[in-house]
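*Asks:*
Right under this line is the structure:
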């Protein structure tokens, strides 16, 4: 981990320096960046990458479902082998856990329904509505009126997504509290956990996960500060959550515009992208090692490992499902920005840039629709390849 910390610190510093000194792109530079972004989104390889990332998400869902079952069985076994007071406490925790497990399954399938509606909303916005906003013979007032009507329809269609988001937040907080309560129970009854190897590996996984998040967040912040994802802030945040590998690569390629970015900026982005890939590989290795150690544990030690793994996994997974439920909010956010940009479409160049922004927005929402569609397919099919790998 020391090597990772060293190169991470350097990549993080370089990105930070570029971010501090970054300025918004000129209209010409922005037009070039948006064309590069759109070109990457239209690459035929994108769909395959999206499928791979969504399948990883589905695998994560199945792994968590198994973890819920494992923790339930371990709690029952520990309760049976415990004395009266501890037996009562563990039984109470078991009942709480079963409730969380049921909620998880409910939210998982609810997320599929929400994803279907979100896919339809993303497609509708990316096609007919964007085309309408680009019409030269439609007055700005008519466009704003139609935007307001569209926003009202969004409010009516987003009730299920709000319920899903609220439920996921409650589940994540509940699991976090459960993990704390479990540690308190272990301390109360002076149980000896003593799983140093698993604890160290889990710490490594947490550090690597945070390192990935830090670098990706800075790349996204750099995109915002340079104006590349203005009018697409909302959809960009969803793609960053659902398909982080894809989004990082696209953003780096867009920001490293050939002949336009400075040497320092280009080097910082190249180093950051390389570091992201290195950390991703190490994270996968450490996660596999941690899970291998966990499978060898029994009793209280196994339960401690499973609860710890579930807490981290649930937090990450809930964030991703929450992103699915936020499609209506992001369309609303992007539409309000687009409405404000209408005031600046007074010349040929500004109109071309406005249309280019809209085309990029449409491409991003179509990309999101592809991800949401595949999510429904992979999560639903009982005999899918993803699920077979877990049998």
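Residue numbers (full-length UniProt numbering): 1 to 391. Glycine included, every Cβ here is placed at the ideal spot set by N, Cα and C. Values in this document were obtained by computation on a predicted structure and should not be read as measured data.
Using only alpha-carbon positions, find the residue among 255, 202, 365, 75 that is nearest to residue 421.
*Replies:* Residue 421 is absent from the model: the chain starts at 1 and stops at 391.
*Asks:* Which runs of the alpha helix (DSSP H) at least 4 residues long sit entirely within the segment 242 to 272? Give them in chain order.
*Replies:* Entirely contained in the segment 242 to 272, the alpha helix (DSSP H) runs reaching 4 residues are, in chain order, 244 to 255.
*Asks:* Can you list, in chain order, the residues of its chain with a C-beta nearer than 8 Å to that of residue 201? Leave out the 5 residues immediately preceding and following it.
*Replies:* Start at 1 with the first residue of the chain shown, and residue 201 comes out as number 201. Counting only Cβ-Cβ distances below 8 Å, and skipping sequence neighbours, we find 286, 289, 290, 293.
*Asks:* Give a yes or no on contact between the segment 57 to 72 and the segment 307 to 317, applying the rule of three or more CB pairs nearer than 8 Å.
*Replies:* Contact holds: three or more Cβ-Cβ distances are below 8 Å.
*Asks:* Near residue 19, what residues of its chain come up, given a Cβ to Cβ distance below 8 Å and the 5 sequence neighbours on each side ignored?
*Replies:* Reading the chain shown from its first residue, position 19 is the one you call residue 19. Only 218, 221, 222, 225 meet the Cβ criterion.
*Asks:* Could you pull out every residue in the same chain whose Cβ sits closer than 7 Å to the Cβ of residue 319, ignoring the five residues on either side in sequence?
*Replies:* Here residue 319 is taken as the residue at index 319 of the chain shown, counted from 1. Same-chain partners within the cutoff: 241.
*Asks:* Measuring alpha carbon to alpha carbon, tell me which residue in 82, 206, 239 is nearest residue 280.
*Replies:* Here the question's residue 280 lines up with position 280 in the chain shown. Selected option, being the one with the closest Cα: 206.
*Asks:* Identify whether residue 387 lies in helix, strand or coil by the three-state DSSP scheme.
*Replies:* Taking the first residue of the chain shown as 1, we reach residue 387 at position 387. Low per-residue confidence applies at residue 387: pLDDT is 46, beneath 50, and the placement is therefore not dependable, though the value from the model is reported in the following sentence. DSSP places residue 387 in helix when its eight states are reduced to three.
*Asks:* Relative to the C-alpha of residue 39, which candidate in 25, 359, 139, 208 has its C-alpha closest?
*Replies:* As a first step, residue 39 is located in the chain shown; it is residue number 39 there, counting from the start. When each option's Cα is compared against that of residue 39, the closest is 359.
*Asks:* Quick one: residues in its chain with C-beta nearer than 7 Å to the C-beta of residue 370, no 5 flanking neighbours on either side, listed in chain order?
*Replies:* Taking the first residue of the chain shown as position 1, residue 370 is located at position 370. Once the five neighbours on either side are set aside, the close Cβ partners of residue 370 are 47, 50.
*Asks:* Taking the straight line between their C-alpha atoms, what separation do you get for residue 7 and residue 22?
*Replies:* Within the chain shown, residue 7 is the residue found at index 7, counting from 1. Within the chain shown, residue 22 is the residue found at index 22, counting from 1. Near 22 Å, if we compare the C-alpha coordinates of residue 22 and residue 7.
*Asks:* How many angstroms separate the CA atom of residue 303 from the CA atom of residue 173?
*Replies:* Along the chain shown, one-based indexing puts residue 303 at 303. Along the chain shown, one-based indexing puts residue 173 at 173. Using only the alpha carbons, I get a separation of about 19 Å.
*Asks:* Please state whether DSSP places residue 93 in a helix, a strand or coil.
*Replies:* Indexing the chain shown from 1 puts residue 93 at position 93. Looking at residue 93 - three-state DSSP - the assignment turns out to be helix.
*Asks:* Considering only C-alpha positions, which residue in the set 210, 338, 343, 373 is nearest to residue 129?
*Replies:* Here residue 129 refers to the residue found at position 129 when the chain shown is read from its first residue. Per the Cα distances, 338.
*Asks:* Can you list, in chain order, the residues of its chain whose CB lies under 6 Å from that of residue 345, leaving out five sequence neighbours each side?
*Replies:* If you number the chain shown from 1, residue 345 lands on position 345. Answer for residue 345: 351, 354, listed in chain order.
*Asks:* In three-state terms, what does DSSP make of residue 226?
*Replies:* By one-based count along the chain shown, residue 226 stands at place 226. The answer is coil: DSSP assigns residue 226 none of H, G, I, E or B.
*Asks:* Hey, residue 178 and residue 96 are a contact pair by Cβ (cut 8 Å); roughly how many whole angstroms apart?
*Replies:* For the purposes of this step, residue 178 is taken as the residue at position 178 of the chain shown. For the purposes of this step, residue 96 is taken as the residue at position 96 of the chain shown. Their Cβ separation, rounded to whole angstroms, is 6 Å, which keeps residue 178 and residue 96 in contact under 8 Å.
*Asks:* Report yes or no: is there a C-beta of chain B within less than 8 Å of the C-beta of residue 250?
*Replies:* Given the protein chain composition of this structure (a single chain), no chain B is represented.
*Asks:* Please state whether DSSP places residue 382 in a helix, a strand or coil.
*Replies:* As a first step, residue 382 must be located in the chain shown, where it is residue number 382. Legend: pLDDT at residue 382 = 46, less than 50; position of this residue unreliable, value from coordinates given subsequently. Three-state result, residue 382: coil.
*Asks:* Just mark residue 300 as buried or exposed, buried being the case when its beta carbon has 16 or more other beta carbons within 10 Å.
*Replies:* Here the question's residue 300 lines up with position 300 in the chain shown. So residue 300 ends up on the buried side.
*Asks:* Tell me whether residue 213 is buried or exposed, calling it buried when 16 or more other Cβ atoms sit within 10 Å of its Cβ.
*Replies:* What you label residue 213 is simply residue 213 of the chain shown in a count that begins at 1. That one is exposed.
*Asks:* Name the two residues that bound the continuous alpha helix (DSSP H) containing residue 175.
*Replies:* Start at 1 with the first residue of the chain shown, and residue 175 comes out as number 175. It spans 159 to 188 - the alpha helix (DSSP H) in which residue 175 sits, taken as one unbroken run.
*Asks:* Please report the distance separating the alpha-carbon of residue 140 from that of residue 366.
*Replies:* Mapped onto the chain shown, residue 140 falls at position 140. Mapped onto the chain shown, residue 366 falls at position 366. Cα to Cα, the separation comes out at about 25 Å.
*Asks:* Determine the direct distance from the alpha carbon of residue 334 to that of residue 152, and round the result to whole angstroms.
*Replies:* Position 152 of the chain shown, counting from 1, holds the residue named residue 152. Position 334 of the chain shown, counting from 1, holds the residue named residue 334. One C-alpha to the other measures close to 15 Å.
*Asks:* Using a Cβ-Cβ cut-off of 6 Å (strictly less than) and excluding sequence neighbours within five positions of residue 268, which residues of its own chain qualify?
*Replies:* In the chain shown, residue 268 corresponds to position 268, counting from 1. Closer than 6 Å at the Cβ level, and outside the excluded window around residue 268, lie 14, 15, 18.
*Asks:* Taking just the CA atoms, how far does residue 298 sit from residue 119?
*Replies:* On the chain shown, position 119 is the one that residue 119 refers to. On the chain shown, position 298 is the one that residue 298 refers to. Taking the straight line joining both Cα atoms gives about 43 Å.
*Asks:* Below 8 Å CB to CB, which residues in the same chain sit around residue 144 once its five sequence neighbours on both sides are set aside?
*Replies:* Reading the chain shown from its first residue, position 144 is the one you call residue 144. If we look at residue 144 and ignore the five residues flanking it on each side, its Cβ neighbours are 339, 342.
*Asks:* The ligand ZN and residue 166: does the residue's C-beta get closer than 7 Å to at least one heavy atom of that ligand?
*Replies:* The ligand ZN is not part of this structure, which contains no ligands at all.
*Asks:* When the Cα of residue 10 is compared with those of 264, 34, 74, which residue comes out closest?
*Replies:* Against the chain shown, residue 10 aligns to sequence position 10. The shortest C-alpha separation from residue 10 is found at 264.
*Asks:* Express the C-alpha separation of residue 78 and residue 159 in angstroms, rounding to a whole number.
*Replies:* Counted from its first residue, the chain shown places residue 159 at position 159. Counted from its first residue, the chain shown places residue 78 at position 78. Those two C-alpha atoms are separated by around 41 Å.
*Asks:* Any chance you could list the beta strand (DSSP E) runs of at least 3 consecutive residues sitting entirely within the segment 30 to 90, in chain order?
*Replies:* Runs found: none.
*Asks:* In three-state terms, what does DSSP make of residue 300?
*Replies:* As a first step, residue 300 is located in the chain shown; it is residue number 300 there, counting from the start. Three-state result, residue 300: helix.
*Asks:* Could you give the residue range of the alpha helix (DSSP H) that holds residue 23?
*Replies:* Residue 23 sits at position 23 when you count from the first residue of the chain shown. No alpha helix (DSSP H) holds residue 23; DSSP gives it neither H nor E.
*Asks:* Out of 368, 239, 184, point me to the one whose CA is closest to residue 89's CA.
*Replies:* Working through the chain shown from its first residue, we reach residue 89 at position 89. For the residues 368, 239, 184, the minimum Cα distance to residue 89 belongs to 184.
*Asks:* Helix, strand or coil for residue 135? Go by DSSP, reduced to three states.
*Replies:* Counting from 1 along the chain shown, the entry for residue 135 is found at position 135. Here residue 135 sits in coil by DSSP.
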